[in-house]
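Undergrad: Using the UniProt record's numbering, read the sequence shown as starting at 1 and increasing by one per residue.
For each residue, glycine too, the CB sits at the ideal point set by N, CA and C.
Since the structure is predicted, the reported quantities are computational estimates derived from the model, not experimental observations.
Sending over a structure as structure tokens; questions will come in a sec.
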Amino acid sequence: MAAKIGGSGGDKHTIEQTADINITPFIDILLVLMIIFMVAAPMATVSIRLDLPPAQPPTNPTEEKEPVYITIQENGQLFIADQQSSIDNLAADVCTALGGGACQEERVFVRAQPEVKYSQFMEVMNKMQENGFFKVGLLNEDIE
């Protein structure tokens, strides 16, 4: 707010208040902030240049193999697909179900009933790892 001391004649100590607002400093601050944001905004964006090859369909598509499921039942029985197995024969039976060859490179899925003890589940997982099966997927729902 501004004030004006009265001048011509009368009481020299009369003070008049005016309601004019000086907005020049406000506009100066806004212009400075606008310049700062205009300079800083391009620096805030992150860009990574990627050279991607063109999309082409595979020349000879390979057939998808049916995945192999290891099912652990509540009583400790193991099933590979529909064949019953034991913990000792697990690796050999999985390789047979996968069709032999480099069976350790194929993905195997393990699913267990909710009542299975953790120790039984980990015994199967450890046996798979000991025999070189590192691509093991865990399932928590039945697959139809």
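Rounded to whole angstroms, how far is the Cβ of Pro67 from the Cβ of Phe109, which I believe are closer than 8 Å?
TA: Right, the Cβ-Cβ distance comes to about 6 Å (below 8 Å), so this counts as a contact.
Undergrad: Give the straight-line distance between the Cα atoms of Cys95 and Ser47, rounded to the nearest whole angstrom.
TA: 46 Å
Undergrad: With a 10 Å radius around its C-beta and 16 neighbouring C-beta atoms as the bar for buried, classify residue 162 as buried or exposed.
TA: Nothing about residue 162 can be read from this structure; the chain reaches only from 1 to 144.
Undergrad: Pop quiz: Arg111 and Leu78 are said to be a contact at Cβ under 8 Å. What is the actual Cβ separation, rounded to whole angstroms?
TA: Not a contact, Cβ separation roughly 11 Å.
Undergrad: Which word fits Glu144, buried or exposed, when buried means at least 16 other C-beta atoms lie within 10 angstroms of its C-beta?
TA: For Glu144, the predicted model reports a pLDDT of 49, less than 50, meaning its position is unreliable and no value from the coordinates is stated.
Undergrad: Enumerate in chain order the residues of its own chain whose CB-to-CB distance from Arg107 is below 7 Å, with the five nearest sequence positions on each side excluded.
TA: Pro67, Lys135 and Gly137
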